[in-house]
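Quick note: the sequence shown uses our numbering, first residue 18, plus one each step.
Built from N, CA and C at the ideal position, the CB exists for glycine as well.
As structure tokens, the structure follows; a few thoughts come after it.
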Amino acid sequence: MVLIKNSRSRETEAIGSNALPKRTQVGIVGAGPAGLLLSHLLHRAGIGSVIFESRSRREVESTLRAGVLEQGTVDLLNETGVGERMRQEGCVHHGIELRFDGQRHRVPLSDLTGGRAITLYAQHEVIRDLVKARLDAGGTIAFDVSNVSIRDFDSTKPCIRFDRGGTTRELACDFIAGCDGFHGTCRPSVPAQSRTEYVRHYPFAWFGILAKAPPFAPELIYAHHARGFSLVSTRSPEIQRLYFQCDPNDAVENWTDERIWNELQARLTTDDGWEMAPGSIFQKAIIAMRSFVLEPMQFGALFLAGDAAHIVPPTGAKGLNLAVADVHVLATAFAEYYASGRKGLLDQYSALSLERVWRAEHFSWWMTSMLHRFDDDPFQNQLQIAQLKYVATSRAGATTLAENYVGLPLATPVSDRTPIWRGPCAGATPHRLHSSDASLNRSAT
Ligand code: FAD
Ligand code: DHB
């Protein structure tokens, strides 16, 4: 067990030589983006937290996953002092390419959204920045703990039980944040009759590779093709990230490097003869696709955030960004509670977060449905082409994609005195009703 604790901490009361406090204000399960950012935001609001993580620091900091950060995520990381390396090493993109029928079509994200953009910066780099920030600030992250369980979260005395150094211990807290991902322990701890789960499985998966190569394109390419979907992304001037649709029962061993490059070239081919020079592949993995939403996201003193509460298929690049949006709301609500004793914002956490979650679920399902091959369904294929042509040629169609892709604004409380949120759907690219619409509205009320 490796416990990392900075002895200068003023947030937590150390007990003897054990260096873990007896109690904390918010006990957090999971040191992914949700748990780490929550702890960071709470610290900035003067609220103590302890994070429990079942994996080692090395594993947590090296798991390769997301790459696309929405504008709101980037702004939040910058505003809270953890964006320095992202600004130096991340790459800002102002558009993406849709490729279908052998043609390329640019969606100018920034032009369509008042200057908003995405940043390519790997999830594990965000994690490294957050771990460092927490430890530098004296935060407590207990890596490598086992048998974590959450208890009494339906009472006023919740606690987290865990095994450490061969003994079982408990940490009392005011609240518990379940940030332990889709396979964690927090969600299943809620009695089945108290939760509703919405699930959709897709009949395909993604084959993801990392390759040493110069960038294949200046912007991300989302390609629809009769052989299946493919996606060209990037990590740095030297490392490229690519994905292609595959059978969920396929195996990594079935794909030699040569077969992968041939498949990608076939799916990405254009009428003007676009070619990709194969790079050196150093990582291959098959990634399942599903949609999942848990309702509600709060049970007594337990608040679920990130993948613990919802999953999207990766086509819209929303998962990490949703985790960030959840904990932004949660940290703001905790700050209000500890400053004033009012629970108004906390009580709205679930409903407000679910508003954004369902918007992102729809967008991710829509992107997935528009771009992937559905076997033996020529009708679906024609619908996809019709939709892609609309997005490629209509400003309204392209704006729908762009404003969802760069991300809706993060929610903010309406005023300091009113515990009401201004939610993500309050106006991504604000518009006014035409006067005739307004009069229709008036006569209807
Ligand atoms: P996680 O990252 O899963 O973190 C949960 C943590 O909890 C883990 O460290 C885990 O070890 C720990 N844990 C689990 N169980 C326990 C336990 N019992 N006790 C203690 N600790 C526990 N999202 C985007 O926004 N943009 C993208 O471009 C994007 N691309 C993706 C590409 C791929 C291939 C994949 C797989 C995902 C992608 N995502 C993307 C999704 C994104 O990676 C996830 O949504 C994100 O990791 C969710 O963060 P989280 O903190 O909620 O959960
Ligand atoms: C990446 C992942 C995604 O899910 C996506 O839609 C775009 C890019 C990436 O890992 O770079």
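**Message:** Just to confirm the assignment, what range does the beta strand (DSSP E) spanning Trp-5 have?
**Reply:** The structure shown has nothing for residue 5, since the chain only spans 18 to 462.
**Item:** Stretch pair the region 96 to 106 + the region 219 to 231: three plus CB contacts closer than 8 Å
**Value:** no
**Prompt:** Any idea what DSSP makes of Ser-308, helix, strand or coil?
**Reply:** strand
**Buried versus exposed call for Gln-210 [16 or more other C-beta atoms within 10 Å across all chains shown]** = exposed
**Message:** Nearest by alpha-carbon distance to Leu-319: which of Glu-292, Tyr-366, Phe-199 is it?
**Reply:** Tyr-366
**Message:** ligand 1 and Lys-335: does any heavy atom of the ligand fall closer than 7 Å to the residue's C-beta?
**Reply:** yes
**Message:** Using a Cβ-Cβ cutoff of less than 6 Å, which residues in the same chain neighbour Cys-263 once the five nearest sequence positions on both sides are dropped?
**Reply:** Ala-222, Phe-224
**Message:** Does the distance between the C-beta of Asp-324 and the nearest non-hydrogen atom of ligand 1 fall short of 7 Å?
**Reply:** yes
**Request:** Buried or exposed for Pro-395, please, with buried defined as at least 16 other CB atoms from any protein chain shown within 10 angstroms of its CB.
**Result:** exposed
**Message:** Does the distance between the C-beta of Arg-258 and the nearest non-hydrogen atom of ligand 2 fall short of 7 Å?
**Reply:** yes
**Asked** Just to confirm, are Glu-114 and Ile-226 a CB contact at a threshold of 8 Å?
**Response** no
**Request:** Identify which residue in Val-124, Ala-377, Leu-58 has its Cα closest to the Cα of Val-95.
**Result:** Here residue 95 turns out to be Asn, not Val, going by the sequence shown. Per the Cα distances, Leu-58.
**Own chain partners of Ala-461 with C-beta closer than 7 Å, once the 5 adjacent residues on each side are dropped** = Since pLDDT at Ala-461 reaches only 32, below the 50 mark, its modelled position is unreliable, and no value is offered.
**Request:** Note down the Cα distance separating Tyr-260 from Gly-156, rounded to an integer number of angstroms.
**Result:** 37 Å
**Item:** Residue span of the beta strand (DSSP E) that contains His-57, given as start and end
**Value:** Where His-57 is concerned, there is no enclosing beta strand (DSSP E), although the alpha helix (DSSP H) it sits in stretches over 50 to 61.
**Asked** Could you give the distance in angstroms between the alpha-carbon of Gly-358 and the alpha-carbon of Leu-418?
**Response** 41 Å
**Prompt:** Between which two residues does the beta strand (DSSP E) harbouring Trp-272 extend?
**Reply:** Run containing Trp-272: none; DSSP gives neither H nor E here.
**Request:** Note down the Cα distance separating Leu-20 from Leu-321, rounded to an integer number of angstroms.
**Result:** For Leu-20, the predicted model reports a pLDDT of 38, less than 50, meaning its position is unreliable; a value from the coordinates is still stated below. Roughly 24 Å separates the two Cα atoms.
**Prompt:** Are Ser-250 and Gly-84 closer than 8 Å when you measure CB to CB?
**Reply:** yes
**Asked** Around the C-beta of Asp-146, are 16 or more other C-beta atoms found within 10 angstroms, so that it is buried, or is it exposed?
**Response** buried
**Asked** Taking Tyr-354 as the reference, which of Phe-192, Arg-116, Phe-170, Gln-399 has the closest Cα?
**Response** Phe-192
**Request:** Report buried or exposed for Thr-80, applying the criterion of at least 16 other Cβ atoms within 10 angstroms of its Cβ.
**Result:** exposed
**Message:** For Ile-303 and Ala-268, I'd like the C-alpha separation in whole angstroms.
**Reply:** 7 Å
**Asked** If you drop the 5 nearest sequence neighbours on each side, which residues of the same chain put their C-beta closer than 8 Å to that of Ala-415?
**Response** Val-124, Pro-125, Leu-129, Val-408, Ala-409
**Asked** Do the CB positions of Leu-339 and Ala-294 come within less than 8 Å of each other?
**Response** no
**Prompt:** Under the DSSP definition of a beta bridge, which residues are partnered with Cys-108?
**Reply:** Leu-137
**Prompt:** Got a sec, what are the start and stop residues for the alpha helix (DSSP H) Tyr-355 sits in?
**Reply:** 336 to 357
**Val-431 burial status per 10 Å Cβ neighbour count (16 or more: buried)** = exposed
**Item:** Same chain, Cβ closer than 6 Å to Arg-390, five either side skipped, listed in chain order
**Value:** Gly-245
**Nearest to Ser-297 (by Cα), restricted to the options Pro-231, Leu-425, Gly-44** = Pro-231
**Request:** Whole angstroms is fine: what's the gap from Gly-119's alpha carbon to Leu-285's?
**Result:** 8 Å
**Asked** Helix, strand or coil: how does DSSP classify Tyr-260 here?
**Response** strand
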